[in-house]
Ligand code: T3D
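In our numbering, the protein residues as written are 3 to 264.
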């Protein structure tokens, strides 16, 4: 159960859900929300009962990025670079390197750093009511929280530049067509579809899933020789796990495997 104010944290069936919970502001991120989000990420990362993480928002928004009213209230005292370094960058690194599968369940608008958080997840399952905006440019800022890294890798340089330079709000169908989201579903079935996906991942071999994520991430940034060597090392480790033996036995005995993360 949740002990937070601006997020809700729940865990069931191996699936942890972090829901941003400031619906009146489309879940815009205050310092409090960012701090709680980081705490919940650590909690789920360290809890062996959590095998998959879902990030979502309450109400009609996923996340509208930085809470611009909080900055205004603080006046000129806010050094945005310092704020990014203190809150956003560690959060995005934590999410990207999270050693379990992560799913952004995009229920509504994802703008600015809110879109960046969705991009930092492994999967995005979006409701037809979802929208995406690189809103930074609309307020004279530049993409942050990893958008400049994730976006061109997902949609290519030309489309990334279009989104970042125009800041238009993109509908869910276009986001799906551009490859920003993995599945596009009716709003009524978003939770069910996402949890079905999450439960499938939660039944997978946790150590192998963590290594798969690591190797795919490295594959993007390294050449073939380096990737082959990295794969070899990970495969060697994966082959020594209980779960590998269990997977092989399950196949040979024509039954479903029961992976333990050992
Ligand atoms: O500070 C740093 O560390 C730098 C980091 C920067 C990272 C960033 O994220 S910069 C980008 C910040 N986000 C934005 O610029 C997005 C601003 N919001 C919008 O453009 C629109 O709200 C949306 C396109 C997201 C959605 O539009 P719409 O028409 O569906 O909703 P709305 O009516 O604009 O918003 C509904 C309410 O949410 C409204 O409150 P009200 O008037 O009913 O009391 C609105 O003010 C509030 N809201 C929406 N976004 C934010 C927000 N309140 C505070 N901060 C927001 N970002």
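Glycine residues also receive a C-beta, built at the ideal position from the N, C-alpha and C atoms.
In terms of residues, what are the limits of the alpha helix (DSSP H) holding residue 2?
-> The structure shown has nothing for residue 2, since the chain only spans 3 to 264.
Kindly identify the DSSP beta-bridge partner or partners of residue 131.
-> Beta-bridge pairing links residue 131 to no other residue.
What residue from 142, 138, 107 has the CA that sits closest to residue 190's CA?
-> 107
For residue 176, name the three-state secondary structure that DSSP assigns.
-> helix
Endpoints, beta strand (DSSP E) assigned at residue 185 | 185-187
What is the DSSP secondary structure of residue 7, reduced to helix, strand or coil?
-> coil
Can you tell me where the beta strand (DSSP E) with residue 144 in it begins and where it stops?
-> Run containing residue 144: none; DSSP gives neither H nor E here.
For the beta strand (DSSP E) that residue 55 lies in, which residues bound it at each end?
-> 54-59
Using only the heavy atoms of the ligand T3D, determine whether one of them is closer than 6 Å to the beta carbon of residue 134.
-> no
Residue 126 beta carbon less than 7 Å from that of residue 54 = no
Among 176, 149, 109, 214, the one whose alpha carbon lies nearest that of residue 58 | Of 176, 149, 109, 214, the residue nearest in Cα terms is 109.
For residue 34, verify whether its CB is less than 6 Å away from any heavy atom of the ligand T3D.
-> Residue 34 Cβ: outside cutoff for every heavy atom of the ligand T3D.
With 16 other CB atoms within 10 Å as the buried threshold, where does residue 257 fall?
-> If you draw a 10 Å sphere on the C-beta of residue 257, you find fewer than 16 other C-beta atoms in it, and that means exposed.
For residue 199, the nearest candidate out of 9, 17, 6 (CA to CA) = 17
Check whether residue 134 and residue 75 have beta carbons under 7 Å apart = In this structure, residue 134 sits away from residue 75, with a CB-CB distance that is not shorter than 7 Å.
Which residues in the same chain as residue 3 place their Cβ atom closer than 6 Å to its Cβ, once the five residues preceding and following it in sequence are excluded?
-> For residue 3, the predicted structure reports a pLDDT of 49, less than 50, and the residue's modelled location is therefore unreliable. A value from the coordinates is still provided. The answer is none, since no qualifying residue turns up.
So which of 180, 147, 148, 144 has the shortest CA-CA distance to residue 160?
-> 180
Could you round the C-beta distance between residue 119 and residue 95 to whole angstroms and report it? I think they count as a contact, below 8 Å.
-> About 12 Å separates the CB atoms of residue 119 and residue 95; that is not less than 8 Å, and the two are not in contact.
Across which residues does DSSP place residue 19 in a beta bridge pair?
-> 12, 56
For the stretch 53-107, which segments carrying the alpha helix (DSSP H) assignment without a break, of at least 4 residues, lie completely within its bounds, in sequence order?
-> 70-76, 82-85, 91-98
Is DSSP giving residue 113 helix, strand or coil here?
-> strand
What separation, rounded to the nearest whole angstrom, lies between the Cα atoms of residue 123 and residue 254?
-> 34 Å
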